[in-house]
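Q: Sharing a structure below in structure tokens format, with a few things to ask.
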Amino acid sequence: MSKLSLPHNSSMLKKDFLYGVATASFQIEGGIDHRIPCIWDTFCNTPEKIADGSNGATACDHFHKWQEDIDLIEELGVDAYRLSISWPRVMHKNGELNPEGVQFYLNILERLKSKNIKAFVTLYHWDLPQYLEDNGGWLNRETSYCFAEYADKISQAFGDLVHSYATLNEPFCSAYLGYEVGVHAPGIVGKEFGRKAAHHLLLGHGLAMQALQKNSPNSLNGIVLNFTPCYSNSDSEADLQATKFADDYINQWYIKPLFNRQYPEIINQLPENCRPEIHDGDMDIIAQPLDYLGINFYTRLSYQADEKEHFVEMPVPEPRTDIGWEIYPQALTDILISLNDTYSLPPIYITENGAAMADQMIDGTVNDQDRIDYYQSHLNAVNTAIEQGVNVKGYFAWSLMDNFEWAEGYLKRFGIVHVDYQTQKRTIKASGLAYKNFISSR
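Using my numbering, you'd call the opening residue of the sequence shown number 151 and step up by one each time.
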């Protein structure tokens, strides 16, 4: 069986370098009868929004199989487990905590602690309660304050069981995919909405950070951003400028306010109705000190200039994963070094990295060599960035197991553990065994 390896002198082989696996509540839990509806329930029930017409009603049935799944995490030998809290599971519509939902996560957190597995908790991984969306969702400034109240109450309830909190997972996806191009819940389309939603998400982050630092000062408190590095299709000035605009729009928009208290200068090039409404003091709230920055990385994109738009995305070349994303690990090194050179960053964790592959179960095994190769090349890319001075403290494989892959439904598999959705049987893939052996070799 293929192995994962790094140079013997790599700092990623030290015991204090943290390895983990990651999941998200809506993607694995099911158990929808035990929570109030969220925007993804509504989106799944809208015709032609999910590729296979599926939903998250059962998913991986983690709601009932959580003990077995934590045993599985322990078997993989990881140091940490990154999970998200379902806001609609732990809060009633009246803003009070739901004791049943809170206890579900307390049980998980206590079991993780008993096994010495560090809990990395994400407070918002896209499953906004539907009643808040009915009031405008992230287009309504009030949602930022509702999020802060949720963060305040749940962090008090969890006490000292959480090693690390992330306020948001990938606000780019929530804002751009959900409120601008509409391919994710809540499916709103309009350029005038994306930046407004993004600002309220970041405002909610800042307000939540204040609650976390008050209630849980001993945990690592931060945010998780996704980065898709932008490369120019040519060396022409027009293409270079278009690519810079794309980078500001897709990547820098979400990190620059955190460290520089401002949005990229392209804000002045946007039509007035596409700019967020920024109140006095907002940028100071957003720029709360971070204990760490989580970075999610999967692929890169290339751009060229366009007469009608600021930029246009180029076709994706080979090699590609099963979801159609280019495999280009150099981009991970590039973005880590670039961000480190541009901003005064706290310690970094790679909070998601992985690949959807066309897995085949043959004689009870999944020999996903292509995924092992992906992990190998990206671990090397992280190691190269560390050697160039980037302070990376940990790495999380996405994902622990196959799950509901948002608009793709159950068609794409990212797991290092195979899930048979008919029987809910879990089978560790070759990549999961390779990851386990790699971690144990430190």
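Cβ atoms here follow ideal geometry from the backbone N, Cα and C, with glycine treated the same way.
Do Tyr315 and Leu273 have their beta-carbon atoms positioned less than 8 Å apart in this structure?
A: Yes, these two residues count as a Cβ contact at 8 Å.
Q: Considering Cα atoms alone, identify which of Val331, Arg185, Ser590, Ser175 is closest to Leu233.
A: The option with the nearest alpha carbon to Leu233 is Ser175.
Q: Which whole-angstrom value is the C-beta distance of Trp475 and Gly504, which I expect to be below 8 Å?
A: The Cβ separation is near 11 Å, so there is no contact.
Q: Between the C-alpha atoms of Trp216 and Ile178, what's the straight-line distance to the nearest angstrom?
A: Taking the straight line from one Cα to the other gives about 10 Å.
Q: Sort out for me which residues DSSP pairs Cys188 with in a bridge.
A: Pro279.
Q: Excluding five sequence neighbours on each side, which residues of the same chain lie with their C-beta closer than 7 Å to the C-beta of Asp434?
A: The residues are Arg411.
Q: Determine the burial state of Asn376: buried for a count of at least 16 other Cβ atoms within 10 Å of its Cβ, exposed for fewer.
A: Classification of Asn376: buried, given that the 10 Å Cβ count is 16 or more.
Q: If you draw a straight line from the alpha carbon of Gln402 to that of Glu463, how long is it in whole angstroms?
A: Approximately 17 Å, taken between the alpha carbons.
Q: So, for Ala557: in the same chain, excluding its five sequence neighbours on each side, which residues have a beta-carbon less than 8 Å away from its beta-carbon?
A: Lys199, Ile200, Ala201, Val333, His334, listed in sequence order.
Q: Using the C-alpha atoms, what's the distance from Leu311 back to Lys265?
A: Using only the alpha carbons, I get a separation of about 12 Å.
Q: To which residues of the same chain is Ile220 closer than 8 Å at the C-beta, ignoring the five residues directly before and after it?
A: Answer for Ile220: Tyr231, Ile258, Arg261, Leu262, Lys265, Ile267, listed in chain order.
Q: I want to know whether the segment 511 to 522 touches the segment 580 to 587 - three or more CB-CB distances under 8 Å.
A: In short, these stretches touch, since the Cβ pair count reaches three.
Q: Let me check understanding here. Comparing Cα to Cα, which of Tyr478, Tyr413, Asp441, Tyr585 lies closest to Ser452?
A: Selected option, being the one with the closest Cα: Tyr478.
Q: Considering only C-alpha positions, which residue in the set Arg239, Tyr448, His184 is nearest to Ile500?
A: Checking every option, the nearest Cα to that of Ile500 belongs to Tyr448.
Q: Going residue by residue through the segment 317 to 403, where are the continuous beta strand (DSSP E) segments of at least 3 residues, counting only ones entirely within it?
A: The segment 317 to 403 contains these whole beta strand (DSSP E) runs: 370 to 377, 380 to 382.
Q: When burial is assigned at 16 or more other CB atoms within 10 Å of the CB, is Pro279 buried or exposed?
A: So Pro279 counts as buried.
Q: Quick check for students: name the residue ranges of the beta strand (DSSP E) that lie wholly in the segment 466 to 517, counting only runs of 3 or more.
A: Within the segment 466 to 517, the complete beta strand (DSSP E) runs of at least 3 residues are 498 to 503.
Q: Using 8 Å as the threshold, is the C-beta distance between Ile373 and His350 below it?
A: No, Cβ-Cβ distance for Ile373 and His350 is not below 8 Å.
Q: Using the Cα positions of Met162 and Asp430, report the straight-line distance between them to the nearest angstrom.
A: Roughly 43 Å between the two C-alpha positions.
Q: Going by other Cβ atoms of all chains shown within 10 Å of its Cβ, with 16 needed for buried, is Gly203 buried or exposed?
A: That one is exposed.
Q: Using the Cα positions of Met551 and Thr208, report the straight-line distance between them to the nearest angstrom.
A: C-alpha separation (whole angstroms): 14 Å.
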